[in-house]
Structures are given as C-alpha cells and as structure tokens.
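Scroll down for the structure; my scribbles are underneath it.
In this note's numbering, the protein residues as written are 871 to 942.
Right, here's the structure in full:
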C-alpha cells in the first residue's frame, strides 16, 4: 500500500488504536500512549478516538479514568 497525504493521518489513527489495545493491560502505559495520541492526532480523529475509547473500556474499569484525557 502506498501512503499519501490523505491516508497517512488515518494510518496514524489506526496505529494508535492498535497500540492502545496492546498496552491496555497496564494503566500507566495506556495513559502514556493516550497522551501521545492527544498530542499527535487531528481534532476530528480525537473525537473518533474518544468514541472508540468509550466502547473499548466498557469492560475495563481500571481504564475508565483515562477518558478524562480526551474530554474537551
């Protein structure tokens, strides 16, 4: 797959979700990666990430506190 200026941000968003899933076993790591995402993603992607995160952490109460990082 060839990347261009239009799908590169999408790749970063998808990469972010993958990383968050992989580190979700550790709240500190998850928080650190989420903070990186907040600084790197576009505002529209952050809104999409917030929606995804709400669904992802439903059964992970230890991660509920991290949602505050995406509040506007």
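Note that CB positions come from ideal geometry on N, CA and C, so glycine has one too. Treat the numbers as computed from the prediction; the structure is a model and nothing was measured.
Exposed unless 16 or more other CB atoms sit within 10 angstroms - verdict on residue i
| i | result |
| --- | --- |
| residue 872 | In this predicted model, residue 872 has a pLDDT of only 49, less than 50, meaning its place in the structure is not dependable enough to derive any value. |
| residue 937 | exposed |
| residue 903 | buried |
| residue 916 | buried |
| residue 886 | buried |
| residue 895 | exposed |
| residue 912 | exposed |
| residue 925 | exposed |
Nearest-angstrom Cβ-Cβ length linking residue i and residue j, presumed shorter than 8 angstroms
| i | j | result |
| --- | --- | --- |
| residue 933 | residue 908 | Not confirmed; about 15 angstroms, so no contact. |
| residue 890 | residue 900 | 6 angstroms |
Limits of the alpha helix (DSSP H) - the one that residue i falls within
| i | result |
| --- | --- |
| residue 913 | 913–926 |
| residue 903 | 897–910 |
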